[in-house]
Amino acid sequence: MVVEHMVVSAAELDAAILGDLESDCRAIVTTTRGALLVTAGPGAGKTLILARRAAYAATHGEIDPAKMLALTFTNRAAREMRQRVDRCAPNVSSAMTISTLHSLCARILREEAHILDRDGAFAILDDLECHAVIARVRDPAQIDPAIKAEDLLATIARYKDDGVYPHIASTRLKIDPSHRDLYARYQAALEEQNALDFADLIAYGRLLLTNDRLGARERLRERFVWVEVDEFQDTGVAEYEIIAAIAAGSGDLCCFADPGQAIYSWRGVDFPAAVARFRSEFSPHEVTLTRGRRMPPRIDAAVTAIASAESLSPRPDAASDADDVRLIAASDRDDEARAIARLIDDRVARGEARYRDYAIVARTNRYLRELESRLDDLGLPIRRVDGARWWDDPLARDIVACLRAIQRPDSAAARRVLSAMAPDLSRHDIAAMSSAHLLLTDWFGDDVPAGRDPCGAAISAWNDGDIVALDFETTGLDVTRAEIIEIGAIRLHAGREVETFATLVRTDASVAGSARVHGIDDATLAERGVEPSAAIAGLTDFLGSTPIIGHNLLGYDLPLLRRTQTDHGLTPFAGVAFDTLDLARRATPLPRLTLDRIARHLGLASRTDHRAEADARVAGWVAARLIEQIGQTATARMDIIRKYRDALQPVVDVVNGWRSLAETVTLARLIESIAADKAIAKSSATGTIVARLMELATSKVADTPASAAIDDFVNVARLGSGLDEFDRTANVVPLLTIHSAKGMEFDHVVLAGATDDLIPLGRTRNDAMLDEERRVMVVALSRARRTVTVTYPRADGGRRRLPSRFLAPIAHLDTSETLTVSQSHSSTQRLAR
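In this text, residue positions in the sequence shown follow the numbering used here: the first is 13, and each later residue adds one.
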């Protein structure tokens, strides 16, 4: 029995964590150090054991919970793991990092953006936004219009998964030139918006953690010394390399896998390659769990029989009371829907189940949609659950875009807000508003609404007086903790160097973790470094009120400068500051805006090392060239501002009002205020959508001012899934694809549409694909705790349909109908009850 109350003694801890576990599970939980690979089938309690293992490691004094990392496949699974840890070891999960890999990479990239010369305030585009980008950049003359956007995005994602970006695609791979050009335009559009897609999160995360020179790997190894991974069979090579890069520091890596549920090869997941790397690089102790904690004997037997053709993994032993496995052959699709509705309604009427105890699963979204319509007509209380989230509703997306425009505007959010709140603007107008080196985000800033050139201050500062190019080398990338170890500041007048301030700065912290980046070691700092107080005071005097410029200055160097000045009792710099990253975003088409790349693009000599004075000097050269280019379009820029400013002023005023409101009200109240705007609230479903957004805001973020909660909420919207918000308490029957149902459990499962052209899919072309389709069937059946009912129509659209060949091994089990089961594509066998 799991202990729910606060545990205080060692005996209570052990009882809560270990008391109800079998000996094999207990051995896994108490093995908290070293590398471990656990293979377990469905119903073996993998998530429970992972949670107990984390609780045991944290409460027995072996690992600091703050240095523990648990990775799950979905946000819902992360939430469930957190709850399970808390039940037996309260207060542990709040210190741990329990996350999906995509969420972890997003967090790492925001913290380490400086190392890639990126702005850490990047937006994460979801699928619909990526589709919109593809629609804007694809050239019908190059790309067949019949090719779907999702197929093009899948191709791009595969390149990224292989670490191939546009600037190296032509030399690394033989790529169709039209695809290469599309890829380059797509990536440039993301860069223009300061945005990443989901594939970028993994690709850039791997780049950060596998590049010896960047230093991020060492910082992550210090942060996380203990790692465990759920659903390892869903891990591809790129994901594995991120996990391994972190865990290799301590060697403490535990992975749980069920090879029988490896069903994502179509996403590029290569589990055999990932597990082979794990075995080769970590030599893990391997354990196999064969005892199930969930499935009754006959469901277990069905799963075993279907999987045995591959013998991919052990199946749980029979461990509970028997119940039905039922096979129903319906005459057609309508009859199948009636049979399902009657089955569920009858059991509910007898008081043997509630509607929410059931789940209906099918192989494809299309089949599920058509079944949903039929069941809805029959009056069965159902709810569709899939990766398409309810907050993908246009109203919800408009509100999320408004929140992004309030907090940290990006081009995608600006475009959506303008489209919603200024519907008279055409595509041509919006394109014009981002021409002449203007960005759409400028219209939500301070300068453009006031009728000023957003580049005017930088142009004037450069042309009319002194400006200081500034760069730091530091001990890390967290501006709240990093220490400056080298200062490079160059005063420029009319683009010419007139004075330099450069010095090393002593620190008590070791720089070994970042030495590969800047080449400065502890001995050099001890010998040649200046005391920090003297160095910062000297820099403060050197700067005075002179405008400063640097690369990623606004995102990193300036906040660090101000914090360091405050720490030393000095007045923080309050002068004007400009960023070459912003200038380059306006004036170059580069997909990655590192200082080196920009310099080479502009025909300038790039730096040969990563030192502060050299970087400051290159930043000055880059600024000179970019400001010259941007200055040439100043007249055109002001013409555009004058043309559109008055029409957009009402929109800007409303957004500024929300921005002020965000400082004083909760996020839920801010959402309510945004939804009340007539330009936003356009549909009859407004009340429902707003209520769900407010509920989500209340559950996901603390009761703090909205300004402090928006970022976390937007991350949920960007990285979440409709499955994450699936409400299990509503008394309705959920409808899910088999892939969506993976990881979930239900008392009763109905697998619908089990025909031989859906499971396996008709496009299955080889033995490997057929094996994966068999595993898909295993996943479907193993979601059940009590009963499984498999249905299929004998006819569909006037064509005869055969039941899935995978059902042949279980046809001898108790059935309600006589089935004709296909043993192959060309032969059938009559199988009686």
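Even glycine gets a Cβ: it sits at the ideal position worked out from N, Cα and C.
{"Check": "Span of the beta strand (DSSP E), counted from its first residue to its last, around TRP238", "Outcome": "238-241"}
{"Check": "For MET80, the residue or residues it bridges with in DSSP", "Outcome": "TRP238"}
{"Check": "Opposing strand residues paired with LEU2 [DSSP bridges]", "Outcome": "It is not possible to answer for residue 2, since the shown part of the chain is limited to 13 through 845."}
{"Check": "Inter-residue spacing [alpha-carbon to alpha-carbon] between ALA444 and LYS655", "Outcome": "10 Å"}
{"Check": "Which listed residue (ALA807, VAL800, ALA820, ARG812) has its alpha carbon closest to that of LEU355", "Outcome": "VAL800"}
{"Check": "Status (buried if at least 16 other CB within 10 Å, exposed otherwise) for GLU123", "Outcome": "buried"}
{"Check": "ILE127 versus PRO157 - alpha carbon distance", "Outcome": "39 Å"}
{"Check": "At least three beta-carbon pairs within less than 8 Å, the stretch 405-420 to the stretch 720-727", "Outcome": "yes"}
{"Check": "Proximal residues to ARG894 (C-beta, below 7 Å), its chain only, five neighbours per side dropped", "Outcome": "Here the chain covers residues 13 to 845 and nothing more, so residue 894 does not appear."}
{"Check": "Three-pair Cβ contact test at 8 Å for the stretch 451-465 versus the stretch 486-493", "Outcome": "no"}
{"Check": "Host beta strand (DSSP E) of THR749 (start-end)", "Outcome": "745-749"}
{"Check": "Stretch-stretch touch, CB-based, cutoff 8 Å, three pairs: the stretch 259-274 with the stretch 222-239", "Outcome": "yes"}
{"Check": "Per DSSP, the bridge partner or partners of SER111", "Outcome": "LEU83"}
{"Check": "Helix, strand or coil at THR512 [DSSP, three-state]", "Outcome": "strand"}
{"Check": "Proximity below 8 Å, CB of ALA351 to CB of THR44", "Outcome": "no"}
{"Check": "Beta-carbon contacts of ILE652 that lie in its chain and below 8 Å, excluding the five residues immediately before and after", "Outcome": "ALA444, MET445, SER447, ALA448, LEU450"}
{"Check": "Under the three-state DSSP convention, the category ARG812 falls into", "Outcome": "strand"}
{"Check": "Environment of GLN245 [buried if 16+ CB atoms lie within 10 Å]", "Outcome": "buried"}
{"Check": "Nonlocal neighbours in the same chain, by C-beta distance under 8 Å from THR183, ignoring five residues either side", "Outcome": "Reliability fails at THR183, whose pLDDT of 49 lies under 50, so the model's placement of it is uncertain and no value is given."}
{"Check": "Beta-carbon proximity of ALA855 to ILE29, cut-off 8 Å", "Outcome": "What is shown of the chain runs 13 to 845, which leaves residue 855 out entirely."}
{"Check": "Boundaries of the alpha helix (DSSP H) in which VAL491 is found, first to last residue", "Outcome": "No alpha helix (DSSP H) holds VAL491; DSSP gives it neither H nor E."}
{"Check": "Of the residues LEU602, TRP633, GLY669, the one placed nearest PHE456, counting alpha carbons only", "Outcome": "GLY669"}
{"Check": "Environment of ILE159 [buried if 16+ CB atoms lie within 10 Å]", "Outcome": "exposed"}
{"Check": "Cβ-Cβ separation, ARG310 to VAL337 (assumed contact under 8 Å), whole Å", "Outcome": "5 Å"}
{"Check": "Other residues of its chain near MET789: CB distance less than 6 Å, five sequence neighbours each side excluded", "Outcome": "ILE318, ILE771, PHE818"}
{"Check": "Option in TYR68, ASP344, LYS58 with minimal Cα separation from LEU83", "Outcome": "LYS58"}
{"Check": "Cβ-Cβ distance between ALA47 and PRO406 below 8 Å", "Outcome": "no"}
{"Check": "Range of the contiguous beta strand (DSSP E) that encloses TYR370", "Outcome": "370-374"}
{"Check": "Local conformation of ASP436 per DSSP, three classes", "Outcome": "coil"}
{"Check": "Neighbour-count burial assignment, GLY217, 16 or more Cβ in a 10 Å radius", "Outcome": "buried"}
{"Check": "LEU60 beta carbon near the ligand NAP (any heavy atom closer than 7 Å)", "Outcome": "No copy of the ligand NAP occurs in the structure displayed, which carries no ligand at all."}
{"Check": "Alpha-carbon spacing of GLU364 relative to ARG396, whole angstroms", "Outcome": "23 Å"}
{"Check": "7 Å Cβ shell around HIS191 - same chain, five flanking residues per side excluded", "Outcome": "THR167"}
{"Check": "Closest by C-alpha distance to ARG629, when choosing among ILE502, ALA494, MET80", "Outcome": "ILE502"}
{"Check": "Three-state class that DSSP yields for PHE484 in the structure shown", "Outcome": "strand"}
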